[in-house]
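Engineer: Take the sequence shown: its position 139, counted from the start at 1, is 922 in our numbering, and no numbers get skipped.
The C-beta atom is built at its ideal place from N, Cα and C for all residues, glycine as well.
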Amino acid sequence: MSDTQVPAAPPESVGTRDEERLKPCRDFIDRLKALDKGELAMLRRNSGLIWPEARGVAWFFRLLDAEGRGRDMECFFLIATLYASTPERLRHPKQPAPRSFAGTLAQVGLRPNTSAEAVERRFRILLDAEFDRIVQGFAGGEMAFRLRQSVKLAAAKEVSIDWPRLLDDLRRWTHPEKRVQRQWAQDFYAPPPPIPVAPQANAPSPL
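Put into structure tokens, the structure is as follows:
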């Protein structure tokens, strides 16, 4: 028997696990980006509804992979209707979106002619909101209603949304340890400092 030991595989990083979990969400948003104007209009007309109440969007199932057709299907449908109801310039933002939707709302509170106190009250209500329990899992309820209001506010204030991240967070919203809610609270009240931009090699030195 050989004494040669096979080296252990390096531990998987948190970032790698995070990206793997986000992949089906990114793929879904990419499929939403490819929809034509008529399909987006049909999704907008069903905004505020859960799937059993929706009309004229049976084709929605072609956007879903195996994960999307599971217990989280209502989260995918909710995001699709919110995405379709957002102005095109914010569906394809030029600037990167905040890390989470809590970060989006934090930026909304900094916009001119915006009451930071009102935005904070809205955020606290959203953070405590829950989906309704249905046979297939969770859907609708106060969470969908409050989120819809907050997405409209973000759009009105021209603050972009990380749609794959929001979808992933909704899929984990009902976790008993409330990990997403804890992360949102941190992103709103104690956001990480901005990453400094490295100076260009040929940039003139300051006087």
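Using CA coordinates, which residue listed in Ala927, Phe928, Gly892, Trp946 is at the minimum distance from Ala939?
Structural biologist: Checking every option, the nearest Cα to that of Ala939 belongs to Gly892.
Engineer: Please state whether the Cβ-Cβ distance between Ala922 and Glu857 is less than 7 Å.
Structural biologist: A contact, by the Cβ cut-off of 7 Å.
Engineer: Roughly how many angstroms lie between the CA atoms of Ala901 and Lys961, to the nearest whole one?
Structural biologist: Rounded to whole angstroms, Ala901 and Lys961 show a C-alpha spacing of 24 Å.
Engineer: Out of Asp848, Ala937, Asn896, Asn829, which has the shortest C-alpha to C-alpha gap to Ile812?
Structural biologist: Asp848
Engineer: Just mark Gln932 as buried or exposed, buried being the case when its beta carbon has 16 or more other beta carbons within 10 Å.
Structural biologist: The residue in question, Gln932, is exposed, as its Cβ has fewer than 16 Cβ neighbours within 10 Å.
Engineer: Nearest by alpha-carbon distance to Phe906: which of Arg929, Asp915, Ala824, Thr897 is it?
Structural biologist: Arg929
Engineer: What first and last residue would you give for the alpha helix (DSSP H) that runs through Trp956?
Structural biologist: Where Trp956 is concerned, there is no enclosing alpha helix (DSSP H), given that its DSSP letter is neither H nor E.
Engineer: Whole angstroms is fine: what's the gap from Leu823's alpha carbon to Arg854's?
Structural biologist: 23 Å
Engineer: Restricting to runs no shorter than 4 residues, where is the alpha helix (DSSP H) found entirely within the segment 885-945?
Structural biologist: Annotation: the segment 885-945 contains the following complete segments of the alpha helix (DSSP H) (minimum length 4 residues), in chain order: 899-911, 924-939.
Engineer: Under a three-way DSSP split, which group does Ile833 fall into?
Structural biologist: coil
Engineer: Rank Ser883, Pro895, Asn896 by C-alpha distance to the C-alpha of Leu910 and give the top, closest one.
Structural biologist: Ser883
Engineer: Here's the rule: buried if 16 or more other CB atoms are within 10 angstroms of the residue's CB, otherwise exposed. What is Ala817?
Structural biologist: Ala817 is exposed by the Cβ-count criterion.
Engineer: Here's a check: name, in chain order, each residue in its chain whose Cβ is nearer than 6 Å to the Cβ of Thr864, leaving out the five neighbours to either side.
Structural biologist: Leu826, Asn829, Ser830
Engineer: Which word fits Asp951, buried or exposed, when buried means at least 16 other C-beta atoms lie within 10 angstroms of its C-beta?
Structural biologist: Counting every other CB atom within 10 Å of its CB across the protein chains shown gives Asp951 a total of 16 or more, marking it as buried.
Engineer: Indicate the three-state DSSP secondary structure (helix, strand or coil) for Leu949 in the structure shown.
Structural biologist: If DSSP states are grouped into helix, strand and coil, Leu949 belongs with the helices.
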